[in-house]
Amino acid sequence: MRHTLEQTLTEALQSSGIDLHGEPLSFHAPNQSDHGDYATAIAFRLAKVLKQAPAQIAEHFIQALQPAMASQATLSQINGFINITLHPSARLMQIATPANYPIKPRRILLEFVSANPTGPLHIGHGRWAVLGSCLAHLLRAVGHTVTTENYINDAGNQIELFIASIVAAKAGNPIPDNGYHGDYIYTIAHCDEDPVTHMLDQHASDLSAIGTHFDHWFREHTLHTGDTLSDALAHIKAHCYTQDSAVWFKSTAFGDDKDRVLVKSDGSLTYFAVDIAYHWNKIQRHYDQLINIWGADHHGYVPRVSAAVQALQNGHSPTELTVIIGQLVSLVRNGEPVRMSKRSGDMIYFRDVIDDIGPDATRFFLIYKSSDSPIELDLNLANQKTAENPIFYIQYAHARICQLLLKVGVPPDVDITQIADAYTDADRPLLQCLMHYPDTLLDAANAYEPHQLANYSLELARHFHRFYETNPVLTSTGIQKAYRLWVIAQVQRTLQTVLGILGISAPTRM
RNA sequence: GCGCCCGUAGCUCAGCUGGAUAGAGCAACGGACUUCUAAUCCGUAGGCCAGAGGUUCGAAUCCUCUCGGGCGCACCA
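Going letter by letter, the first sequence gives residues 91 to 600 in the working numbering.
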């Protein structure tokens with residue numbers, strides 16, 4: 091694993107009396123597999139300080155390191171880069187060794203979706219549902235403790251408008267202009283269930299359809315009935331002032347653009363005031379980190395919440411707040427944008443997309459792009475999107491392995507140093523890909539970017555399919571058969587882990 | 001006007017804290033199924049990384065500006 095290698099080799103260099111001047115070795119995977127398994131450009135960064143050519147420095151370092159590495163790898167210098175090429179058996183050993191992740195475990199509260207229960211979930215909520223659940227799996231995979239939470243705004247104006255809309259529909263009256271006009275309003279009006287409960291059940295059902303489940307559903311109204319609100323306001327009071335008969339929070343003292351109103355001049359609370367109470371509640375649950383996933387349409391809200399979290403804690407044992415801003419999903423039909431508003435009639439809901447292309451394709455489609463990048467979904471191309479969706483390519487790799495292993499029965503116990511004799515250079519890209527899995531996982535977790543893992547799974551599947559074409563297993567014999575079986579079993583294991591984190595099924599046949 | 005995100009192959013997108021010849025998928029063209037599932041593989045073609053400056057050994061990546069697109073700038077939630 092990269093981290094261990096960096097540590098070991100840094101120590102080896104230092105004990106040879108080499109001064110790195112604070113530069114980290116920073117290994118990366120070379121973009122050409124025949125350059126080796128790990129590479130570092132440290133010689134370039136030290137060239138100026140050491141007043142030597144990079145190639146010279148690299149050669150010098152290699153001389154110092156080679157003795158310590160000889161049993162595992164060959165070191166070489168190309169164009170000033172130091173390349174490490176593991177011996178085949180060392181590479182196989184690396185793959186077989188369980189990863190340990192150099193992180194400080196944190197207790198994390200991850201909040202996402204948090205849709206108003208005034209209408210069904212749309213595709214945008216779906217993106218956060220997928221991103222959030224993948225991120226939770228990812229952070230847990232490297233050793234953090236994660237609690238997932240869905241915040242429900244079941245109090246306030248929007249809920250009142252929602253209820254008023256249903257009451258009007260029930261009575262056969264026209265729905266208020268600023269009310270909700272979707273078809274679902276009439277559906278709810280025809281049943282006796284509590285409208286908010288009905289909506290929340292539907293949310294849970296939609297989320298469950300793509301395998302997203304929350305540890306907590308936090309209801310806003312519980313903030314109003316308990317002491318949390320007054321308690322939170324009391325804790326932030328030192329940073330507040332009164333002006334124009336409204337109470338303002340001096341958020342500019344914590345980096346916000348302007349101060350924000352908490353208590354309006356009519357005595358009622360702003361949404362922000364309630365949100366402060368919610369975050370106060372989170373802080374009191376003693377997490378190390380709060381992560382919120384918000385759509386780009388809320389990014390302007392970040393500085394004030396961040397300011398509030400700082401003010402509430404007054405610098406004492408701070409809980410860190412991290413807000414992940416994701417770009418929006420837009421729907422297009424016949425080249426024309428489809429407006430996504432809960433108040434307009436014409437709506438495509440998240441459930442429609444799931445039913446159309448299936449949960450696995452939906453999840454993959456929403457996770458394999460960076461959340462910084464907007465997603466445009468053409469409804470007319472929905473079926474085509476299914477064919478284009480690379481998820482089947484990945485699942486097919488897994489299914490191929492499963493069917494093959496089924497025919498073999500119980501694979502034999504193997505001695506890695508023995509089967510390494512069957513290694514050929516053509517297998518190197520696949521083995522490197524397998525070996526780099528823990529590094530990829532760690533990078534993805536540290537960056538809060540599950541899409542890195544989705545892209546990794548594609549890459550692994552590609553290498554596997556190539557291997558499969560040219561390495562018949564059933565007709566091979568002896569060491570070669572054992573080796574090939576071992577390799578595909580490693581691919582199977584890794585694919586299962588990755589697909590598990592992505593929340594996508596790993597079918598045994600297709 | 002101010003702030004955040006984005007601009008990479010025909011289309012959809014990767015490109016990790018600057019590193020070696022910028023990569024996939026889909027679409028196009030040409031090959032490979034009596035052989036572990038062809039939902040696959042191999043090959044060909046496709047690029048002024050929006051544009052212009054700057055930083056340096058080295059820039060798609062960092063800084064500044066311009067153009068173009070998305071989103072946001074409430075005593076709404």
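The beta-carbon is built from N, C-alpha and C at its ideal position, and this holds for glycine as well. Please read all numbers here as calculations on a predicted model, not as lab measurements.
Can you give me the C-alpha to C-alpha distance between residue i and residue j, rounded to a whole angstrom?
i: Ser166; j: Asn561; result: 30 Å
i: Asp533; j: Phe117; result: 13 Å
i: Leu402; j: Gly316; result: 18 Å
i: Leu136; j: Leu110; result: 8 Å
i: Asp365; j: Leu352; result: 10 Å
i: Thr584; j: Ala336; result: 57 Å
i: Asp334; j: Ile326; result: 19 Å
i: Ile569; j: Gly385; result: 53 Å
i: Gly301; j: Gly593; result: 7 Å
i: Leu95; j: Asp127; result: 11 Å
i: Asn551; j: Gln485; result: First, the amino acid is wrong: residue 551 is Ala here, not Asn. Going by the C-alpha atoms only, they are around 8 Å apart.
i: Ile108; j: Ile447; result: 58 Å
i: Met159; j: His93; result: 15 Å
i: Gln508; j: Pro449; result: 43 Å
i: Gly170; j: Leu103; result: 17 Å
i: Asn263; j: Thr452; result: 38 Å
i: Glu283; j: Leu319; result: 29 Å
i: Asp505; j: Ala535; result: 33 Å
i: Thr238; j: Gln122; result: 40 Å
i: Thr277; j: Leu359; result: 32 Å
i: Thr98; j: Ser105; result: 11 Å
i: Pro195; j: Gly233; result: 6 Å
Give the DSSP bridge partners of residue i, in chain order.
i: Val337; result: Thr332 and Val353
i: Gln167; result: Ile172
i: Ile383; result: Ile414
i: Glu201; result: Glu239 and Asn382
i: Val419; result: Ile465
i: Tyr439; result: His212
Helix, strand or coil: how does DSSP classify residue i here?
i: Phe304; result: coil
i: Asp468; result: strand
i: Tyr241; result: strand
i: His376; result: coil
i: Thr560; result: helix
i: His212; result: strand
i: Arg196; result: coil
i: Tyr361; result: helix
i: Ala129; result: strand
i: Thr94; result: helix
i: His118; result: strand
i: Leu110; result: coil
i: Arg309; result: strand
i: Tyr546; result: helix
i: Arg433; result: With a pLDDT of only 48 at Arg433, under the threshold of 50, the placement of this residue in the model should not be trusted; the figure read from the coordinates follows. Residue state, collapsed to three classes: coil.
i: Tyr191; result: coil
i: Ala143; result: coil
i: Cys523; result: helix
i: Glu101; result: helix
i: His388; result: helix
i: Met600; result: coil
i: Cys492; result: helix
i: Ile265; result: coil
i: Val498; result: helix
i: Ile591; result: helix
i: Thr567; result: coil
i: Val232; result: coil
Assuming residue i and residue j are in contact, meaning their beta carbons sit under 8 Å apart, how far apart are those beta carbons, in whole angstroms?
i: Ser420; j: Glu466; result: 5 Å
i: His212; j: Phe440; result: 6 Å
i: Gln582; j: Cys492; result: 7 Å
i: His604; j: Tyr458; result: Residue 604 cannot be examined here, being either before or after the span of the chain that is shown, 91 to 600.
i: Thr530; j: Tyr546; result: 5 Å
i: Ile198; j: Leu155; result: Not really, about 38 Å apart at Cβ, beyond 8 Å.
i: His306; j: Leu297; result: Not really, about 13 Å apart at Cβ, beyond 8 Å.
i: Ser566; j: Arg574; result: 6 Å
i: Ala148; j: Ala163; result: Contact doesn't hold; Cβ gap of about 15 Å is too wide.
i: Ile591; j: His215; result: 21 Å between Cβ atoms; not a contact.
i: Ala596; j: Gln586; result: 5 Å
Please confirm whether any heavy atom of the ligand FMN lies closer than 7 Å to the CB of residue i.
i: Val443; result: Ligands are entirely absent from the displayed structure, and the ligand FMN is therefore not among its contents.
Discussion item. Within 8 Å, do at least three Cβ pairs link the stretch 169-184 to the stretch 222-238?
Written reply: no
Worksheet item: Taking one C-beta from the stretch 157-176 and one from the stretch 492-510 each time, how about it: are there three or more such pairs within less than 8 Å?
Response: no
Fill in: Inter-stretch contact at 8 Å, needing at least 3 Cβ pairs: the stretch 338-350 / the stretch 374-383
no
Worksheet entry | the stretch 193-211 / the stretch 282-299 touching (three or more Cβ pairs under 8 Å) | yes
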